[in-house]
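Trainee: In my numbering, the protein residues as written are 917 to 1017. Where is the CB? At the ideal position from N, CA and C, for every residue including glycine. Have a look at this one.
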Amino acid sequence: MTQNARRDTQVWWYAAGALPLGVLGLVAGLLLTGAAAPPALFDPGPLVRWGLPLVTLLTHAAAATTVGAFALCALVLPAPDRSPRPDHRPQRGRDGGTDLP
């Protein structure tokens, strides 16, 4: 196994461990604060009481992943004009536009 493959495997373990830790923290927070207790006026049921915070956690995790991927593309990856490989650079035509292959 190469060093790069080993490093990629380690990254997936960190990502796979983040979701159970988030759910564990969510359950602990709901139990310790009493947020999962049924309200006195109207009770939507245990599915909604426990499901809504879980869906909110998944939504926030997906949003953070999307923003992180956008930041990676915008800030880390090289621009097409600065590509070190000549076959990836756009060719300029006579009119100043790009000629697509």
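1. Taking the CB atoms as reference points, tell me whether P969 and L942 lie closer together than 7 Å.
2. Look up F958 in the DSSP assignment and say whether it is helix, strand or coil.
3. DSSP on G938, reduced to helix/strand/coil?
4. What's the C-alpha gap between F958 and A980?
Mentor: Short version:
1. Yes, the Cβ-Cβ distance between P969 and L942 is below 7 Å.
2. F958 carries a coil assignment under DSSP once its states are collapsed to helix, strand and coil.
3. G938: helix per DSSP, three-state reduction.
4. 33 Å
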